[in-house]
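Visitor:
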Amino acid sequence: MAQAKKKKYLYEVDLMRVLFIGGVLLNHTTTAFKNNVSNGSGSELFLEATHLALHFTRMGFMFMTGLVLVLNYYNKEPHWFNFWKKRYISVGIPYVGWNAIMLWFATITAGVALNWSDYFKNLYDAIIHGNKYYMYYILVTFQLYLIFPLIVYMFKKFKNHHIAILVTSAIIQLLLVIGIKYWLPGVDRSSWWYLFRAYGMNVLVYQFYFIAGAFVAIHYDEVDRFIEKNHRVIGWSTLVLALGTVALFFGNLNILKLSMGATESIHQPYIFIYDTFMIVFVFWIGRQYAHAREKALPQWLDRIIKNMSKVSFGIYLVQTILLTLLYGILSFIKLPSIVTLLLLPVGYAFVLGGSFLISWFCYKVPPFGVLIGRPQWHLTKRKNKEVKDNVKNNKSIKQAVRE
Numbered sequence: 024m025a026q027a028k029k030k031k032y033l034y035e036v037d038l039m040r041v042l043f044i045g046g047v048l049l050n051h052t053t054t055a056f057k058n059n060v061s062n063g064s065g066s067e068l069f070l071e072a073t074h075l076a077l078h079f080t081r082m083g084f085m086f087m088t089g090l091v092l093v094l095n096y097y098n099k100e101p102h103w104f105n106f107w108k109k110r111y112i113s114v115g116i117p118y119v120g121w122n123a124i125m126l127w128f129a130t131i132t133a134g135v136a137l138n139w140s141d142y143f144k145n146l147y148d149a150i151i152h153g154n155k156y157y158m159y160y161i162l163v164t165f166q167l168y169l170i171f172p173l174i175v176y177m178f179k180k181f182k183n184h185h186i187a188i189l190v191t192s193a194i195i196q197l198l199l200v201i202g203i204k205y206w207l208p209g210v211d212r213s214s215w216w217y218l219f220r221a222y223g224m225n226v227l228v229y230q231f232y233f234i235a236g237a238f239v240a241i242h243y244d245e246v247d248r249f250i251e252k253n254h255r256v257i258g259w260s261t262l263v264l265a266l267g268t269v270a271l272f273f274g275n276l277n278i279l280k281l282s283m284g285a286t287e288s289i290h291q292p293y294i295f296i297y298d299t300f301m302i303v304f305v306f307w308i309g310r311q312y313a314h315a316r317e318k319a320l321p322q323w324l325d326r327i328i329k330n331m332s333k334v335s336f337g338i339y340l341v342q343t344i345l346l347t348l349l350y351g352i353l354s355f356i357k358l359p360s361i362v363t364l365l366l367l368p369v370g371y372a373f374v375l376g377g378s379f380l381i382s383w384f385c386y387k388v389p390p391f392g393v394l395i396g397r398p399q400w401h402l403t404k405r406k407n408k409e410v411k412d413n414v415k416n417n418k419s420i421k422q423a424v425r426e
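Sequential numbering of the sequence shown, starting at 24, is according to the numbering used here.
#1: What does the Cβ neighbour count give for T191, buried or exposed, with the cut at 16 atoms within 10 Å?
#2: Going by the CB atoms, is the gap between H51 and L271 shorter than 8 Å?
#3: How many Å lie between V60 and A72 at the Cα?
#4: CB-CB under 6 Å to Y293, same chain, minus the five flanking residues each way: which ones, in chain order?
#5: Evaluate the contact criterion for the segment 372–391 versus the segment 318–335: three or more CB pairs, one atom per stretch, below 8 Å.
#6: So what does DSSP say about D211, is it helix, strand or coil?
#7: Under 8 Å, do N277 and A285 count as touching if we go by C-beta distance?
#8: Taking F384 as the reference, which of F171, R397 and W103 has the closest Cα?
#9: Can you give the Cα-Cα distance for L364 and L70, rounded to whole angstroms?
#10: Excluding the 5 residues preceding and the 5 following I328 in the sequence, name in chain order all residues of the same chain whose CB lies nearer than 8 Å to its CB.
#11: Measuring alpha carbon to alpha carbon, tell me which residue in L348, V263 and A240 is nearest L33.
#12: Got a sec, what are the start and stop residues for the alpha helix (DSSP H) Q166 sits in?
#13: Closest by CA to Y160, which one among W121, M224 and T130?
#14: Note down, in chain order, each residue of its chain lying with its Cβ closer than 6 Å to the Cβ of T261, except the 5 sequence neighbours on either side.
#15: Count the CB pairs spanning the segment 103–116 and the segment 165–172 that are closer than 8 Å, and state whether there are at least three.
#16: Which whole-angstrom value describes the C-beta separation of A55 and L349, a residue pair presumed to lie in contact below a C-beta threshold of 8 Å?
#17: Taking 6 Å as the limit between beta carbons, can you name the residues of its chain near V47, skipping five residues before and five after?
#18: Thinking L189 and A235 are a contact (beta carbons under 8 Å), I'd like their distance in whole angstroms, please.
#19: Which runs of the alpha helix (DSSP H) fall wholly inside the segment 331–357 and span at least 4 residues, in chain order?
#20: Measure the alpha-carbon distance for A372 versus I352 and round it to whole angstroms.
#21: If you count every other CB in all the chains shown that lies within 10 Å of the CB of M87, and 16 or more means buried, which is it?
#22: State the CB to CB distance for the pair F106 and Y96, rounded to an integer number of angstroms; the pair is presumed to be in contact (CB under 8 Å).
#23: Which full runs of the beta strand (DSSP E) of 3+ residues lie inside the segment 24–72, going along the chain?
#24: Let me make sure I understand the geometry here. Which of N154, M82, N62 and V175 has the alpha-carbon closest to that of E22?
#25: Tell me, to the nearest whole angstrom, how far the beta carbon of A193 is from that of F231; I am working on the premise that it is less than 8 Å.
#26: How is E317 classed by DSSP in three states: helix, strand or coil?
#27: Please look up how many angstroms separate the CB atoms of G120 and L320, rounded, as I've assumed it's under 8 Å.
#28: How would you write the range of the alpha helix (DSSP H) that A270 sits in, first residue to last?
#29: Is it true that the CB of V228 sits closer than 8 Å to the CB of L199?
#30: Flag this pair as yes or no: are the beta carbons of I289 and I44 separated by less than 8 Å?
#31: Where does the unbroken alpha helix (DSSP H) through N95 begin, and where does it stop?
#32: Between L77 and G134, what straight-line distance do the alpha-carbon atoms span, to the nearest angstrom?
#33: Since I203 is in the alpha helix (DSSP H), which residue starts that stretch and which ends it?
#34: Confirm, please, whether the CB-CB distance from M125 to Y147 is below 8 Å.
#35: Report the three-state DSSP secondary structure of P398 (helix, strand or coil).
#36: To the nearest angstrom, report how far apart D325 and H184 are at their CA atoms.
What follows is the structure, given as structure tokens:
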């Protein structure tokens, strides 16, 4: 009987997770520092002008979600009810749990007396809208889980037209962001359904990144060879596009006269192109890490990357705790703007390091793993198995004695 081929572990995925979650926290940390420098200062302008370059991280997370889901499920027998049950429980518990914890934490730190009636009302509102504590990603992921079988069916049905699927998806994405930037601001959306009114929560707005992740998962080796062959062009193009985000910032602000929110929106045609190149470049960096760890990569660095990757989802979930503390600390520090800006690496280390420690605690200490999508149920199963084995052995001993 032929043995099933063991699935190859993709170490590059570990580094990609770390880079994307690290970028997300850097993005949010720079926002905290921007809010605590003087209005009109050079430090504020620097943080605002460079902010768009960090926005690829959200789309990178969407890409990774599509990539990992397809890697895990594309070649399996489709048991979609089991898929939905597993995914909605493993992600739903952290979603509800951290919304509840963060709301309680925000209430306590604000010095407001806890009114349970208002608390549960606000909690319900946060859960159904996903608009607090950076939980929008999970709400989008819930929608992806729902339509994921259709994505798999599409790629299997049109198995000879995967490039056409990817190109069509890219064209749709480009048209979407053009419409969002140039048409949607003039439209009254007050009567629209929530997921269309708050389009940042809608899975369709991120459809290309999920489709791209699926495409890469299915054609992994071919994509890897293409990127390796063209990595210099991709790398230099990514650098030029990153620098171009600064020009985009000033063009939006001074030529198009957009608001600051619209100026720094992630839903722009240029950002779509930049994000795509950046994701591809990060993939290439991940592959170099996978090659390097086979040769001379320091073990301590490899261990850090592996451990951070394990709890990357947890880091995303708990970041609000550290960001809230950072906002509080910065509000008490009265320093010149340039000095505050120079403290950005310290603030980032505080947010990233603190988020990792909380997540690692949850990962290691039962039953808190359930809060970061890493439940320690295997420990319970192992214990039950040991009990059953002991009972079975005791019965065998008694039987032997009787005989």
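Beta carbons are placed, not taken as given, at the ideal position from N, Cα and C, and that holds for glycine.
All of these numbers come straight from a predicted model, not from anything done at the bench.
Guide: Let's see:
#1: In the assembly as shown, T191 is an exposed residue. Its beta-carbon has fewer than 16 other beta-carbons within 10 Å.
#2: Cβ atoms of L271 and H51: not closer than 8 Å.
#3: Linking V60 to A72 through their CA atoms gives a straight-line distance of about 14 Å.
#4: Counting only residues of its own chain and dropping the five nearest sequence neighbours on each side, Y293 has a CB closer than 6 Å to the CB of L271.
#5: Between the segment 372–391 and the segment 318–335, the count of Cβ pairs shorter than 8 Å is three or higher; the stretches touch.
#6: For D211, the secondary structure class from DSSP, reduced to helix, strand or coil, is coil.
#7: Going by beta carbons, N277 and A285 fall outside the 8 Å limit.
#8: Considering only alpha carbons, the answer is R397.
#9: Put simply, the backbone Cα of L364 is about 9 Å away from that of L70.
#10: Excluding positions up to five away in sequence, the list reads D37, L38, V41 and Y312.
#11: It is A240 whose Cα lies nearest to the Cα of L33.
#12: It spans Y159 to K180 - the alpha helix (DSSP H) in which Q166 sits, taken as one unbroken run.
#13: Ranked by Cα distance from Y160, the first of W121, M224 and T130 is M224.
#14: Within the same chain, T261 has close Cβ partners F300, M301 and F304.
#15: In short, these stretches touch, since the Cβ pair count reaches three.
#16: Right, their Cβ atoms sit about 5 Å apart.
#17: Listed in chain order, the non-local C-beta contacts of V47 below 6 Å within the same chain comprise T80, local neighbours out to five positions each way being set aside.
#18: With a beta-carbon spacing of about 7 Å, L189 and A235 fall inside the 8 Å limit used to define contacts.
#19: If we require 4 residues or more, the alpha helix (DSSP H) runs fully inside the segment 331–357 come out as 335–355.
#20: One C-alpha to the other measures close to 14 Å.
#21: Residue environment for M87: buried (at least 16 other C-beta atoms within 10 angstroms of its C-beta).
#22: The beta carbons of F106 and Y96 sit about 7 Å from each other, so the pair counts as a contact at 8 Å.
#23: Fully enclosed beta strand (DSSP E) runs of 3 or longer: not present.
#24: There is no way to answer for residue 22, as the model of the chain reaches only from 24 to 426.
#25: The Cβ separation is near 6 Å, so the contact holds.
#26: Assignment of E317 by DSSP, reduced to helix, strand and coil, places it in the coil class.
#27: Taking 8 Å as the upper bound for CB-CB distance, G120 and L320 are not in contact here, some 36 Å apart.
#28: DSSP places A270 inside the alpha helix (DSSP H), whose first and last residues are H254 to F273.
#29: Yes, these two residues count as a Cβ contact at 8 Å.
#30: No, these two residues do not count as a Cβ contact at 8 Å.
#31: F79 to Y96 is the extent of the alpha helix (DSSP H) around N95.
#32: Spanning the two alpha carbons is a distance of roughly 33 Å.
#33: From DSSP, the alpha helix (DSSP H) with I203 extends over H185 to Y205.
#34: It is not a contact, given that the beta carbons lie outside the stated cut-off.
#35: Looking at P398 - three-state DSSP - the assignment turns out to be coil, as it is neither helix nor strand.
#36: Note on geometry: alpha-carbon atoms of D325 and H184 lie some 38 Å from one another.
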